[in-house]
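With the first letter of the sequence shown counted as 1, position 170 gets the number 170 in my numbering; the numbers rise by one all the way through.
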Amino acid sequence: MINFNKHVAIGIIGAGTMGTGIAQVAATFGHKVVIFDQQKEQLNHSHDNLTRIISRLVEKHKIEQSDGEDILSRISFTNSINELSSMGLIIEAIVEDLEVKKELFSQLEDLVNENCFLATNTSSLSISSIASACKIPQRVIGLHFFNPPPLMPLVEIVPSILTSNSVKEVLFNLMKEWGKVPVIAKDTPGFIVNKVARPFYGEALRIYEEGIADIPRIDYAMKRIGKFRMGPFELMDLIGNDVNYKVTETVFREFYYDQRYKPSITQKRYVEAGLFGRKTGKGFYEYTELQNVKHDDIEPDSKLDSMIFERIIVMLINEAADTLMYNIASKEDIDLAMLNGVNYPKGLLKWADELGLDFVASRLADLYDKYLEDRYRTSPIIAKMAKSNEKFYPHAKDI
Ligand SMILES: NC(=O)c1ccc[n+]([C@@H]2O[C@H](COP(=O)([O-])OP(=O)(O)OC[C@H]3O[C@@H](n4cnc5c(N)ncnc54)[C@H](O)[C@@H]3O)[C@@H](O)[C@H]2O)c1
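Put into structure tokens, the structure is as follows:
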């Protein structure tokens, strides 16, 4: 099997946030990188951003001046797609539109040699659909980086039903060499992270909508008891309510309107009102400057804080367990994904073991009994494990 090394040239398509970040990662590892974008301004912007980021890394003594110069010298910019003809791997990071991506992939195939791997950084589109535009769909794969790519370790590797095993394995090894944490996910809506994380936002919004607690209290409880770095509303403001709402809507639609992913009317109104979050200066919170939201003035309320935390965490665990049941990923990869893609303090299945599967099952049953909504149905895997007193990681060395 061929293995990629730093002599393989990497083509990046799309000089936006993700393309620029992925280019930095590849060039830091030693690859020659060519970034292609249709828009000259975007290429200039990407060039300026990379130069600024590398200078800052040098100033902060994170890298040597000469290494910084080498990284930049390996990256070139072009608005001619023909310059990608000799690449060994192309990673696409253009607009999230299936038809545009398919058109691009079909155009690429006429250009590159037959051994070139074609990867897409899509967060929500079907890899099988994108691959269907290609004559050699076996070489097409999802390579889903997280924002910002140089800082976030996770890469979800998403083979389509047509992708060859060797493409998956070569890219898995390459991501490891780049210092990333690769996980393998099935080509299903939201892959791992964008599916499993839905209840973090959805259940927090629901608690707020029901008037059980206000927004700062919910964020405070998740940080105080769950030790999450950010509360759900802070995180939605950071991601952008527009983006976060769209992801929920897509996952909801793609899972045939499973009530578990039902979007929130509250968040929809925030989007409609232009209250996107940090980028517009106002979302669930107001941002006068780019600083973290502080909850210093909130007093603990043990009963309420625990109730909020438990309701959200059991819904997250339920989602993680269902993801395992449907073989979307292994238990280890589900936990690695949430630790490295969204900085959760613990893997959710490990957390389930710590809380006890009987506790998780009984909290879920309480929610179901109260609301009689399909949203709160217990994953069969949790019900079974609770009954037989099982753990996801029965041996300490499994974790
Ligand atoms: N931003 C994120 O947090 C994030 C995280 C993971 C994955 N993604 C995915 O990565 C991809 C890119 O996202 P982004 O945030 O970097 O977008 P962006 O808007 O910052 O950049 C997209 C770039 O693609 C260029 N482009 C558009 N159509 C093109 C075409 N046909 N040919 C060449 N260039 C073209 C645009 O000029 C732009 O520079 C999307 O598929 C997105 O879903 C984004």
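Idealized CB from N, CA, C, for every residue including glycine.
What are the residues that DSSP puts in a beta bridge with L118? Position 118 of the sequence shown, counted from the first residue, corresponds to residue 118. According to DSSP, L118 bridges with I90 and V140.
What residue ranges within the region 32 to 73 form continuous alpha helix (DSSP H) runs of no fewer than 4 residues, ordered along the chain? With a minimum length of 4 residues, the continuous alpha helix (DSSP H) runs that stay inside the region 32 to 73 are 40 to 59.
Can you find at least 3 beta carbon pairs, one from the region 222 to 230 and one from the region 96 to 106, that sit closer than 8 Å? Between the region 222 to 230 and the region 96 to 106 there are fewer than three C-beta pairs closer than 8 Å, too few to call the two in contact.
So V360 is in the alpha helix (DSSP H); what residue range does that whole segment cover? The residue given as residue 360 occupies position 360 in the sequence shown. Segment L357 to Y371, the alpha helix (DSSP H) holding V360.
How many angstroms separate the CA atom of K391 from the CA atom of V360? Here residue 391 corresponds to residue number 391 of the sequence shown, with the count starting at 1. Here residue 360 corresponds to residue number 360 of the sequence shown, with the count starting at 1. Near 12 Å, if we compare the C-alpha coordinates of V360 and K391.
Could you tell me which of D219, E254, R224 and Y285 sits nearest to N241, measuring between CA atoms? Position 241 of the sequence shown, counting from 1, holds the residue named residue 241. The shortest Cα separation from N241 among D219, E254, R224 and Y285 belongs to Y285.
As assigned by DSSP and simplified to three states, the class of R265: Within the sequence shown, numbered from 1, the residue matching residue 265 stands at position 265. Rather than Arg, the amino acid found at residue 265 in this sequence is Ile. When secondary structure is reduced to three states using DSSP, I265 falls in the helix class.
Roughly how many angstroms separate the alpha carbons of N5 and L174, rounded to a whole number? Working through the sequence shown from its first residue, we reach residue 5 at position 5. Working through the sequence shown from its first residue, we reach residue 174 at position 174. Between N5 and L174, the C-alpha separation is close to 8 Å.
Closer than 7 Å: M18 CB and nearest ligand 1 heavy atom: Stepping through the sequence shown from its first residue, residue 18 is reached at position 18. M18 Cβ: within cutoff of ligand 1.
Excluding the 5 residues preceding and the 5 following Y270 in the sequence, name in chain order all residues of the same chain whose CB lies nearer than 6 Å to its CB. As a working mapping, residue 270 is identified with position 270 in the sequence shown. Only N241 meet the Cβ criterion.
Reduced DSSP secondary structure (H/G/I, E/B, other) of G211: Here residue 211 refers to the residue found at position 211 of the sequence shown. Under the three-state reduction of DSSP, G211 is assigned to coil, being neither helix nor strand.
Validate contact between the region 64 to 82 and the region 210 to 218 using beta carbons, cut 8 Å, 3 pairs: Contact between the region 64 to 82 and the region 210 to 218 is absent, because fewer than three Cβ pairs lie under 8 Å.
Is the CB-CB distance between R140 and A337 below 8 Å? The residue labelled residue 140 in the question sits at position 140 within the sequence shown. The residue labelled residue 337 in the question sits at position 337 within the sequence shown. A quick correction: the sequence has Val, not Arg, at residue 140. No, Cβ-Cβ distance for V140 and A337 is not below 8 Å.
With I381 and L339 assumed to form a contact (beta carbons below 8 Å), what rounded beta-carbon distance in angstroms separates them? If you number the sequence shown from 1, residue 381 lands on position 381. If you number the sequence shown from 1, residue 339 lands on position 339. No, I381 and L339 are not in contact; Cβ-Cβ is about 20 Å, not under 8 Å.
Specify, as a first and last residue, the run of the beta strand (DSSP E) that S76 falls within. As a first step, residue 76 must be located in the sequence shown, where it is residue number 76. First-last of the beta strand (DSSP E) with S76: I75 to T78.
Tell me the DSSP secondary structure of E332 in three-state form. Taking the sequence shown and counting its residues from 1, the one referred to as residue 332 is at position 332. If DSSP states are grouped into helix, strand and coil, E332 belongs with the helices.
DSSP state of P150 mapped onto helix, strand, coil: Residue 150 sits at position 150 when you count from the first residue of the sequence shown. Three-state DSSP puts P150 in coil, outside helix and strand.
Mind reading off the beta-carbon distance from V158 to F200? Whole number of angstroms is fine, and I expect it under 8 Å. Residue 158 sits at position 158 when you count from the first residue of the sequence shown. Residue 200 sits at position 200 when you count from the first residue of the sequence shown. With 8 Å as the limit, V158 and F200 do not qualify as a contact, their Cβ atoms being about 21 Å apart.
Helix, strand or coil, according to DSSP, for F392 in the structure here? Here residue 392 is taken as the residue at index 392 of the sequence shown, counted from 1. Assigned with DSSP and collapsed to three states, F392 falls in coil, not helix or strand.
For E373, I'd like the list of residues in its chain whose CB is within less than 7 Å of its CB, leaving aside the five on either flank, ordered along the chain. Mapped onto the sequence shown, residue 373 falls at position 373. Q259, listed in sequence order.
Assigned secondary structure, K282 (DSSP; H/G/I helix, E/B strand, else coil): As a first step, residue 282 is located in the sequence shown; it is residue number 282 there, counting from the start. Here K282 sits in strand by DSSP.
From the DSSP output, read off the bridge partner residues of V155. For this step, residue 155 is matched to residue 155 along the sequence shown. Looking at the DSSP output, V155 bridges to F145 and P182.
Can you find the residues in the same chain that come closer than 7 Å, C-beta to C-beta, to K282, ignoring five residues on each side of it along the sequence? By one-based count along the sequence shown, residue 282 stands at place 282. Correct list, in chain order: L275.
Within 8 Å, strictly: CB atoms of L143 and C116: Here residue 143 is taken as the residue at index 143 of the sequence shown, counted from 1. Here residue 116 is taken as the residue at index 116 of the sequence shown, counted from 1. Going by C-beta atoms, L143 is not nearer than 8 Å to C116.
Out of I298, K176 and P300, point me to the one whose CA is closest to K29's CA. Stepping through the sequence shown from its first residue, residue 29 is reached at position 29. For the sequence presented, residue 29 should be read as Phe rather than Lys. Comparing Cα-Cα distances from F29 to each of I298, K176 and P300, the minimum goes to K176.
Tell me whether D358 is buried or exposed, calling it buried when 16 or more other Cβ atoms sit within 10 Å of its Cβ. As a position in the sequence shown, residue 358 is number 358, starting the count at 1. Using a 10 angstroms sphere on the CB of D358, the tally of other CB atoms stays under 16, which defines it as exposed.
Hey, how far is the Cα of S123 from the Cα of E96? Within the sequence shown, numbered from 1, the residue matching residue 123 stands at position 123. Within the sequence shown, numbered from 1, the residue matching residue 96 stands at position 96. About 8 Å.
Are the CB atoms of D237 and R278 within a distance shorter than 8 Å? Residue 278 sits at position 278 when you count from the first residue of the sequence shown. Residue 237 sits at position 237 when you count from the first residue of the sequence shown. Yes, these two residues count as a Cβ contact at 8 Å.
Cα-Cα separation between I136 and E234, rounded to whole angstroms: Residue numbering aside, residue 136 sits at position 136 when the sequence shown is read from its first letter. Residue numbering aside, residue 234 sits at position 234 when the sequence shown is read from its first letter. One Cα belongs to I136, the other to E234, and the distance between them is close to 43 Å.
Can you give me the C-alpha to C-alpha distance between Y287 and D110, rounded to a whole angstrom? As a first step, residue 287 must be located in the sequence shown, where it is residue number 287. As a first step, residue 110 must be located in the sequence shown, where it is residue number 110. Roughly 48 Å separates the two Cα atoms.
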